[in-house]
Amino acid sequence: MSSPPAGSRTPARRRAVGAHPAAHGAETDLGRTRRARRINRTLAAAYPDAHAELDYTNPLELLVATVLSAQTTDVRVNQVTPALFKRYPTAAAYAAADRADVERLIRPTGFYRAKAGHLIGLGEALMARHDGQVPEALEDLVDLPGVGRKTAHVVRGNAFDHPGITVDTHFSRLVRRWGLTEEKDPVKIERAVGDLIEKSEWTMYSHRVIWHGRRICHARKAACGACPIAYDCPSYGVAGPADPEDAAALITSPDRDHLLALAGLDG
1 MSSPPAGSRT
11 PARRRAVGAH
21 PAAHGAETDL
31 GRTRRARRIN
41 RTLAAAYPDA
51 HAELDYTNPL
61 ELLVATVLSA
71 QTTDVRVNQV
81 TPALFKRYPT
91 AAAYAAADRA
101 DVERLIRPTG
111 FYRAKAGHLI
121 GLGEALMARH
131 DGQVPEALED
141 LVDLPGVGRK
151 TAHVVRGNAF
161 DHPGITVDTH
171 FSRLVRRWGL
181 TEEKDPVKIE
191 RAVGDLIEKS
201 EWTMYSHRVI
211 WHGRRICHAR
221 KAACGACPIA
231 YDCPSYGVAG
241 PADPEDAAAL
251 ITSPDRDHLL
261 ALAGLDG
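Here it is in structure tokens:
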């Protein structure tokens, strides 16, 4: 049974804590696939506006912002990129940039010396290999300075509409907490989850999982009792409080009332 639709005040169905078959290794492969897709449908109702939370207007800006997002928050990146993008609007501009100036602009994002080197190197590589344009191919993107598979999938999925699974810390933590995979290596996680979710959904599924990790399924204490996917989660009541009132207090995002409604709770 899936969670009730948005707007419902009927308490969402819950299992007893620790009672989900996946918590005991008793779930079939087919059952896991069906559950993963059911979770995706519920997350789609929970986060209809899910998207990359980095500000950008073109592929180069998204690439730069994603490189800067390593070891910091999207909010912090969005604070520095307006001035950076205005001063360096093209790959050629980054290639010819003064390193000290770039470091000054991006310093609040942390690791600014290494990141400045990546941005200048990106500009040089894009000019030398791709006529100053951001390439679409995965193998071309990961060959650029400071760009790994996570960054490549963010750019491909959001700038070029190529489906991809973005395995960041939230994504890795949640799919393992949900028992969708036991893998720890990001590439193995990407492939394991990709086998469960329809390819056309990969990019949006990544956004939804990341949003859920930031809003409800927190690392230290998840809002289990107010979670719309509680019935499908083997960690329900283990990762956080099962009591609805205690759990609801952990949700502070602007869409709180909508999320509580989806879980069958009053705001």
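Note that the sequence shown covers residues 1 to 267 in UniProt numbering. Heads up, the beta-carbon is just placed ideally off N, CA and C, and yes, glycines get one too.
query, result
"If we ignore side chains and look at the alpha-carbon of each, how far apart do residue 195 and residue 213 end up?", "21 Å"
"Can a CB atom of chain C be found closer than 7 Å to the CB of residue 13?", "The chain labelled as chain C is not found in the depicted structure, where only one protein chain is given."
"Would you decide whether residue 18 is buried or exposed? Buried here means 16 or more other CB atoms lie within 10 Å of its CB.", "exposed"
"In chain order, what residues of the same chain have a beta carbon less than 6 Å from the beta carbon of residue 179, not counting five sequence neighbours either side?", "22, 234"
"Would the beta-carbon of residue 47 fall within 7 Å of that of residue 211?", "yes"
"Alpha carbon to alpha carbon, how far is residue 29 from residue 128?", "47 Å"
"Whole angstroms are fine: how far does the CA of residue 110 sit from the CA of residue 263?", "37 Å"
"What is the C-beta distance between residue 126 and residue 146, in whole angstroms, given that I count them as a contact (C-beta under 8 Å)?", "Wrong, their Cβ atoms sit about 12 Å apart, outside the cutoff."
"Got a sec, what are the start and stop residues for the alpha helix (DSSP H) residue 117 sits in?", "112-130"
"Count the CB pairs spanning the region 214-229 and the region 187-194 that are closer than 8 Å, and state whether there are at least three.", "no"
"Tell me whether residue 86 sits in a helix, a strand or coil according to DSSP, three-state version.", "helix"
"Buried or exposed: which applies to residue 108, given that a residue is buried once 16 or more other Cβ atoms fall within 10 Å of its Cβ?", "exposed"
"Can you tell me which of the three DSSP states residue 202 falls into?", "helix"
"Look at the alpha carbon of residue 151 and the alpha carbon of residue 25, and state the distance between them as a whole number of angstroms.", "33 Å"
"Rounding to the nearest angstrom, what Cα-Cα distance links residue 77 and residue 34 in this structure?", "37 Å"
"To the nearest angstrom, how far is it from the Cα of residue 253 to the Cα of residue 215?", "6 Å"
"Since residue 90 and residue 117 are thought to touch, with beta carbons under 8 Å apart, how far apart are those beta carbons, to the nearest angstrom?", "Wrong, their Cβ atoms sit about 18 Å apart, outside the cutoff."
"Over what stretch of residues does the alpha helix (DSSP H) that includes residue 174 continue unbroken?", "169-177"
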